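Here this note's numbering is used: position 190 in the sequence shown is 190, and no number is missing along the way. Accompanying notes for the structure given below.
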Amino acid sequence: MCYILRMKLRCLSGAAIGLLILLCAGCSSALSSAASAAASAVSSAVNALVSYPEKITVGDKSYVRTFYNSDLFFNLYIRNPSESDKVQVDDKKTYYKVPHDSLELMTFVISGKGKDQPLYCLESQKAQAQQYYEDVSHWKYWCAVGKDVAEREKNEKLVNPADGKKFNELIDFCESTDYNPFNSTKNDTISKNTEDITSSAGESEIVFFKKSSDGLLTSQRGYVLRISGGTHLYHIYREGEEITGSSLPDELNAYFLPVAKKFGAK
């Protein structure tokens, strides 16, 4: 069933795709990676239709959005912003100052989280902000192990010490091998380099991700890995009971496999 949904996703509208994803999410946990991959792609497509200004002016100050990687999720919740944090701008939106130790940041997200929601930094601090978020020491690195999303969320473990560069390489690899229902060319390329690991895959699903030390940004948590044959990690995609995957490069496997096993992955 999920295979049929996946193929039809390529020609359906955004609203219809969203409905199908909800249906997939309500199926057994065997569909979790399919729903996760499709949900990520739909989220990106929907957000692409939302127009946020790249630059805003508040009083005599300018703020810009393009200071962090677009693949990161803005993770801020503002429950009860104080009146002193509210700022009115020319387009009549109400913006809020975002507390930070070294940067002057602003947003108009009141609650919730999601990719492409706007987080702005002072334009004169753009280079400083870029340097801050590119510094691997300004991130904390995590491993989550479990049979499904709920179990993984209960078993998120801090990886310390961690090699931030390796985490960035893994995230880039998973992005490059991630199924996207809106990009058939990419999917065709990926499919030529995947393997069926259904019979050799371990029972644990593993996710490695990172959170900025200031708590504002987090990387994608939908890239699911499995251990095959007890010796190698694969970035997987599930279609019912079938598990296919892209083999991690040997250098990444040598680093992440012991970490995954340390936190109970089988």
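Glycine included, every Cβ here is placed at the ideal spot set by N, Cα and C. These numbers come from a predicted model, not from an experiment.
Against chain D, with Cβ distances strictly below 8 Å, would residue i count as a contact?
i, result
"Asp85", "Reference to chain D is not applicable here, since this structure consists of a single protein chain."
Starting from residue i, follow the alpha helix (DSSP H) in both directions and report where the run begins and ends.
i, result
"Lys262", "250-262"
"Glu156", "Careful: Glu156 lies outside any alpha helix (DSSP H), inside the beta strand (DSSP E) at 156-158."
"Glu134", "126-134"
If you run the structure through DSSP and keep just helix, strand and coil, what is residue i?
i, result
"Lys266", "coil"
"Ala48", "Residue confidence is low: Ala48 scores 46 on pLDDT, short of 50, so the model does not pin down where it sits. No coordinate-derived value is stated."
"Ala201", "strand"
"Tyr223", "coil"
"Leu170", "helix"
"Asp196", "strand"
"Ser228", "strand"
"Ser212", "strand"
"Val42", "Summary for Val42: the model assigns pLDDT 46, below 50, so the residue's position carries little reliability; its value from the coordinates is reported in the next sentence. Residue state, collapsed to three classes: helix."
"Thr189", "helix"
"Glu83", "helix"
"Tyr95", "strand"
Can you tell which of the options has the C-alpha that lies nearest to the C-alpha of residue i?
i, options, result
"Ile206", "Leu103, Phe263, Glu242", "Phe263"
"Asp60", "Val87, Val145, Val159", "Val87"
"His235", "Asp214, Phe208, Phe67, Leu217", "Phe208"
"Arg65", "Ser84, Glu54, Ile227, Asp214", "Glu54"
"Asn69", "Ile171, Val259, Gly240", "Ile171"
"Ala162", "Pro118, Lys211, Val145", "Lys211"
"Phe167", "Ala127, Ser204, Tyr255", "Tyr255"
"Leu225", "Phe182, Glu156, Cys174, Glu242", "Cys174"
"Ile56", "Val98, Pro99, Thr107", "Thr107"
"Gly222", "Asn193, Trp139, Ala150", "Ala150"
"Glu169", "Gly146, Glu242, Tyr141", "Tyr141"
"Lys93", "Tyr52, Lys266, Asn75, Ser62", "Tyr52"
"Pro268", "Gln220, Asp214, Gly240, Ser219", "Residue 268 is absent from the model: the chain starts at 1 and stops at 266."
"Glu242", "Leu252, Pro258, Thr194", "Thr194"
"Glu123", "Ser176, Phe182, Tyr63, Asn75", "Tyr63"
Around the C-beta of residue i, are 16 or more other C-beta atoms found within 10 angstroms, so that it is buried, or is it exposed?
i, result
"Asn180", "buried"
"Gln125", "buried"
"Ala201", "buried"
"Ala129", "buried"
"Lys154", "exposed"
"Asp71", "exposed"
"Ser184", "exposed"
"Ser84", "exposed"
"Leu158", "exposed"
"Asn160", "exposed"
"Asp188", "exposed"
"Asp101", "exposed"
"Asp135", "exposed"
"Ser137", "exposed"
"Asp250", "exposed"
"Asp148", "exposed"
"Ala127", "exposed"
"Ala260", "buried"
"Ser32", "The pLDDT assigned to Ser32 is 47, lower than 50, so where the model puts this residue is not dependable; a value taken from the coordinates is nonetheless given after this. With 16 or more Cβ atoms within 10 Å of its Cβ, Ser32 is classed as buried."
"Ser219", "buried"
Whole-angstrom Cβ separation of residue i and residue j, contact assumed at under 8 Å?
i, j, result
"Tyr132", "Leu103", "7 Å"
"Ile190", "Gly245", "Their Cβ separation, rounded to whole angstroms, is 10 Å, which puts Ile190 and Gly245 out of contact at 8 Å."
"Tyr58", "Tyr96", "Looking at the sequence itself, residue 58 is Val, so the reference to Tyr does not match. In fact, because the Cβ distance is near 11 Å, the residues do not count as touching under 8 Å."
"Phe67", "Cys143", "Not confirmed; about 28 Å, so no contact."
"Leu248", "Phe73", "Rounded, the Cβ-Cβ distance is 23 Å, inconsistent with contact."
Name the two residues that bound the continuous beta strand (DSSP E) containing residue i.
i, result
"Ala144", "139-146"
"Leu119", "119-122"
"Ser62", "61-64"
"Leu72", "Taken as a continuous stretch (DSSP letters only), Leu72 belongs to no beta strand (DSSP E), as it is neither H nor E."
"Ser247", "242-247"
"Leu103", "Unbroken run through Leu103: none, as it is neither H nor E."
"Thr57", "55-58"
Under 7 Å: does the beta carbon of residue i sit that close to some heavy atom of the ligand COA?
i, result
"Ala129", "Ligands in the displayed structure: none, and consequently the ligand COA is not present."
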